[in-house]
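Chemist:
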Amino acid sequence: MGKFKCLHCKSEFDTSGVILDENGNEFCCNGCKNVFAFLSSNGLDEFYDRLGKQTHIKAKIGAFKDESSKSFYKNYVKNSDGFCEIYLIIEGIHCSACVWLNEKVLSSLNGVVEVEINAATNKAHIKWDDSIVKLPEILNKIMAIGYNPLPYDPNKAEARASQKRREFYAKMLTGLFCTMNIMWIAVALYGGYFSGMSSDVKDILHFAEFVLSSPVLFYTGSEFFKSAYLGLKNKRVGMDLSVAVGASTAYFYSVYAMLSRSGEVYFDSVAMIITFVFIGKFLEVISKKRAIDNLDSLSGMLVSEVSVKNGDDYELKSVNDVQIGDILALRQSERVQIDGVVKSGVGSFDYSSLSGESLPVLLKSGDEIISGAICVDGALEYEAKKTFESSMLSKIISLLENASFKKPRIEEFANQISGKFSIAILLLGMLTFIFWSFNSSVPNAVIIAVSVIIIACPCALSLATPVASLIGLGVSLKKGVIFKEARILESLAKCKCIVFDKTGTLTKAKLTLVKATKFEEFDENLLYSLLSVSTHPVSVALKSSLEGKIYPLQEVQNVLARGVKAKFNGISLVGGSSEFMRELGIYADFRDANYCFAINGRAVALFELEDELRSDAKDVITKLIDSGFKVVMLTGDDKKVAKKVAKTLGIDEFYAGVDPIRKSTIIKELNSNMPTVMVGDGINDSVALSLASVGICLGSGAAISVEKSDVILLNDNLSSLKDAIDISRYTFKAIKQNLAFSLIYNAITIPLAMAGFIIPLFAALSMSFSSVIVVLNSSKIKFKFKG
């Protein structure tokens, strides 16, 4: 009977099931045939080029029932900026080609304004104009191309996850209960060999072991059989197939030995193999779940409504309907949803979930309030300064949800090894069985072959990277650091050069008065009044350092980027830069003055202001240099200012007066010589951030810089940068240790098992122990950065 390959899903099938279209193309089912026809007629054949040689799931064609629309609209559809939006899980997506196809088809629908699909989670975010296109039409389009859309509800997703954990827990308890009882029977059997035991008693005990081992194999071990079946179906061989083959071989051989009353039974080994390996799998699930919980915990912070002031009363309003300038009320235990400024009241706020700040922060009138903080005490009113979508909390959650979480290169390499490794082990098991069949008895050959299959541990190899990466991501989030993708941990760990923007990154981007020089006494209210009519940052900063009253000035003239001229009761006043003074013919020893003040053509005072360095900048730079980093500073400031900052911080290499284009050129040059990190916060840093091996942005940075960066420091200080680097390096070190241990373990134990020195029981113990060691070694990351 011949074999054909389906034109749509690429799976093989025999001639008895072939379905032809009018052009003679061969399909495995009507679903695949219909989807192929749909894609061809709509010019979407590119899907098959993108799919390449990958197999795809068989297409299932269905239709969305209109009676379900009301439920969808009520429970899952939200209004946003006059449009409807919904989150869906699209079943059947398994690669980037699937994502491309769904996005292409949905975007082509008239009325759909936005489509985003996360390839890692299969979660789709769709926004549409309900007056043009209805939800049933959107869902039917998805079904028409062979995928199944399901509404996404975070609470239901958590319920499903909890149910899965309960199932795993029940299976583990069943395995432990049966295995512990089998161990007592095994002790009796082994004791009987030395003290003497009748064959009848021996048969009864064997039957008891059979009864106890069966639920262990077929209930507890069902996870391995399911995984092995799905792997074979998708032409993938993994560790679960090795466990399923080894345990079932030992089980059915033992059943034969029990019924024929010839040879030894190994029911105890079967139970222990399944139970111990399942415990390792359970620990893996728990470790991953805890790490993912840390990453997903932010999503639970969002609420749909907030209290907005309306006259003298308050009304509940959708967060998406809050406008800039609205006054919001915040009470004890409530979480801030929208960024703003406190107008009245006082409250203590917990920022630990965002920045890692352990102590409550007291906020009062005039203080900035950031979304994500929890009011632990007090109550206040604040003015919204951003919309919900542009607020910090919403922006962070959006970044996390839309992150692709591409696998690190080292994980891709490990997965390639583990896939081939499993096939090699099954072949070695077969060869071992053949060898010992000729050199020993068949029962002995079976047991040795089972030991070889069981002791080999591709699971430790495949666990080496993902568990460590997930724990690293979870730890970094608790420290106020967001890695947009897991692969960034590896990239950052390999970087040797770190480049800093100056203003707003090494400094606070806030000028402070450091020196004032008076040439003669004068009425300081004149200076205060002149500063009050200017909006230049230098004037604003100097005014905040002085006190006085404001005189009504006449003939006020602001000269762009130079200074201000004015008069008061016939007195001529001039304030501004030294260049402005020289242009007006006013001369003095200006030196490093940023602001000069003159009365009636004479310079009477000079003021020196500096951009204050961040308090932790010096310490962080010193530690980075001691760690072996090449540290470089880039700034648009003049060379004199840059040199002073670089000298203070101990930076030997710096570039001054550089524009955004020059910044990106320097980053390119540095990156071509060694992996380079760029740390910035402004719009002018966005290109450089995207060109560096790793771009790191402070959380308060411009929105475009946050989007272009790979790592975000939520708590807005440079100490978090050191945490990010330390976590990435320690995580990468743990990954390499895990891989080294896995490879050495297998290199030692497999030959010993093939030589017949290890029985199945110890093989199972050893295999599980290797997985547990990998999980425990990865858990060191959590304890290392616990403080």
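Sequential numbering from 597 applies to the sequence shown in the working numbering. Even for Gly, the Cβ is constructed at its ideal location relative to N, Cα and C.
Looking at C-alpha atoms only, which residue of Ile1167, Lys1226, Tyr748 and Ser1223 is the closest neighbour of arginine 1198?
Modeler: For the residues Ile1167, Lys1226, Tyr748 and Ser1223, the minimum Cα distance to arginine 1198 belongs to Ile1167.
Chemist: May I ask which residues mark the beginning and end of the alpha helix (DSSP H) holding asparagine 630?
Modeler: 626 to 637 is the extent of the alpha helix (DSSP H) around asparagine 630.
Chemist: Rounded to a whole number of angstroms, what is the C-alpha to C-alpha distance between serine 1087 and serine 1289?
Modeler: Cα to Cα, the separation comes out at about 7 Å.
Chemist: Mind checking whether the beta-carbon of arginine 1258 lies closer than 7 Å to any heavy atom of the ligand NAP?
Modeler: Because no ligand of any kind appears in the structure shown, any question about the ligand NAP cannot be addressed here.
Chemist: Thinking serine 809 and valine 866 are a contact (beta carbons under 8 Å), I'd like their distance in whole angstroms, please.
Modeler: The pair is a contact, with the Cβ atoms about 5 Å apart (cut-off 8 Å).
Chemist: Does DSSP put glutamate 712 in a helix, in a strand, or in coil?
Modeler: DSSP places glutamate 712 in strand when its eight states are reduced to three.
Chemist: How far does the alpha helix (DSSP H) with glutamate 1175 in it reach, from first residue to last?
Modeler: Its alpha helix (DSSP H) spans residues 1174 to 1179.
Chemist: Does tryptophan 780 pass the burial test, meaning 16 or more other C-beta atoms within 10 Å, or should it be called exposed?
Modeler: Looking at its Cβ environment, which holds fewer than 16 other Cβ atoms inside 10 Å, tryptophan 780 is exposed.
Chemist: Per DSSP, which one or two residues make a beta bridge with alanine 1020?
Modeler: Paired residues: none, contrary to the question.
Chemist: Going by DSSP, what residues sit across from proline 732 in a beta bridge?
Modeler: DSSP lists no partner for proline 732.
Chemist: Ordered along the chain, which non-local residues of its own chain (more than five positions away) have a Cβ less than 7 Å from that of phenylalanine 984?
Modeler: Excluding sequence neighbours, phenylalanine 984 sits near Val915, Asn916, Val918, Gln933, Ile934 and Ser990.
Chemist: Do you know offhand how far lysine 1114's Cα is from valine 1273's?
Modeler: Their backbone Cα atoms lie some 45 Å apart in a straight line.
Chemist: Enumerate, from N- to C-terminal direction, the unbroken alpha helix (DSSP H) stretches of 4 or more residues contained entirely within the segment 1109 to 1144.
Modeler: List check, alpha helix (DSSP H) in window: 1120 to 1128 and 1133 to 1141.
Chemist: Name the residue from Leu1209, Thr1327 and Ala1194 whose alpha carbon lies nearest to the alpha carbon of leucine 1202.
Modeler: Closest option to leucine 1202, Cα to Cα, is Ala1194.
Chemist: Do the CB positions of leucine 705 and isoleucine 686 come within less than 8 Å of each other?
Modeler: Cβ atoms of leucine 705 and isoleucine 686: not closer than 8 Å.
Chemist: Would a C-beta distance cut-off of 8 Å place isoleucine 1263 and leucine 1294 closer than the cut-off?
Modeler: No. Outside cutoff.
Chemist: Name the residue from Asn1373, Phe1250, Met1350 and Leu640 whose alpha carbon lies nearest to the alpha carbon of leucine 1027.
Modeler: Checking every option, the nearest Cα to that of leucine 1027 belongs to Met1350.
Chemist: Report back the beta-carbon spacing between valine 942 and glycine 974 to the nearest angstrom; my notes put them in contact at under 8 Å.
Modeler: With a Cβ gap of about 5 Å, valine 942 and glycine 974 count as contacting.
Chemist: Tell me whether the beta-carbon of leucine 731 lies closer than 8 Å to the beta-carbon of tyrosine 669.
Modeler: Taking 8 Å as the Cβ cut-off, leucine 731 and tyrosine 669 qualify as a contacting pair.
Chemist: Using CA coordinates, which residue listed in Lys1106, Asn1190, His604 and Gly1025 is at the minimum distance from glutamate 591?
Modeler: Any question about residue 591 goes unanswered here, given that the chain covers just 597 to 1383.
Chemist: Are valine 581 and phenylalanine 1079 touching if we call contact CB-CB under 8 Å?
Modeler: A question about residue 581 goes unanswered here, because the residues of the chain that appear run from 597 up to 1383.
Chemist: Just to confirm, is the Cβ distance from glycine 1100 to asparagine 1121 under 8 Å?
Modeler: No, these two residues do not count as a Cβ contact at 8 Å.
Chemist: Assuming serine 1315 contacts aspartate 1207 under a Cβ cut-off of 8 Å, what Cβ separation, rounded to an integer in Å, is found between them?
Modeler: Not quite, the Cβ-Cβ distance comes to about 19 Å (not below 8 Å), so this is no contact.
Chemist: Are the Cβ atoms of threonine 845 and glycine 771 separated by less than 8 Å?
Modeler: Not a contact, by the Cβ cut-off of 8 Å.
Chemist: Secondary structure at lysine 1259, three-state DSSP: helix, strand or coil?
Modeler: Correct three-state label for lysine 1259: helix.
Chemist: Among Val807, Ala925 and Cys774, which residue has its Cα nearest to the Cα of glutamate 979?
Modeler: Per the Cα distances, Ala925.
Chemist: What first and last residue would you give for the alpha helix (DSSP H) that runs through glutamate 1208?
Modeler: It is not in any alpha helix (DSSP H) - glutamate 1208 instead sits in the beta strand (DSSP E) that spans 1198 to 1209.
Chemist: Identify which residue in Met1229, Ser1036 and Leu697 has its Cα closest to the Cα of arginine 1258.
Modeler: Measuring from the Cα of arginine 1258, the nearest candidate turns out to be Met1229.
Chemist: Is the Cβ-Cβ distance between isoleucine 1049 and leucine 1022 less than 8 Å?
Modeler: Yes.
Chemist: Within 10 Å of its beta-carbon, does serine 727 have 16 or more other beta-carbons around it, so buried, or fewer, so exposed?
Modeler: Burial call: exposed.
Chemist: Let me know the secondary structure DSSP gives serine 1037 once reduced to three states.
Modeler: Note: serine 1037 maps to coil in three-state DSSP.
Chemist: Identify which residue in Met768, Ile923, Arg931 and Cys971 has its Cα closest to the Cα of leucine 944.
Modeler: Per the sequence shown, the amino acid found at residue 944 is serine instead of leucine. Out of Met768, Ile923, Arg931 and Cys971, Cys971 has the C-alpha closest to the C-alpha of serine 944.
Chemist: With lysine 1098 and valine 1241 assumed to form a contact (beta carbons below 8 Å), what rounded beta-carbon distance in angstroms separates them?
Modeler: Their Cβ separation, rounded to whole angstroms, is 6 Å, which keeps lysine 1098 and valine 1241 in contact under 8 Å.
Chemist: Which ranges would you report for the alpha helix (DSSP H) in the segment 760 to 823 if only whole runs of at least 4 residues count?
Modeler: Complete alpha helix (DSSP H) runs here, min 4: 795 to 811.
Chemist: I'd like to confirm the pairing. Which residues does DSSP put opposite alanine 1343 in its beta bridges?
Modeler: Looking at the DSSP assignment, alanine 1343 forms no beta bridge with any residue, so it has no partner.
Chemist: According to DSSP, is aspartate 1097 part of a helix, a strand, or is it coil?
Modeler: In the structure shown, aspartate 1097 sits in a strand (DSSP, three-state: E or B).
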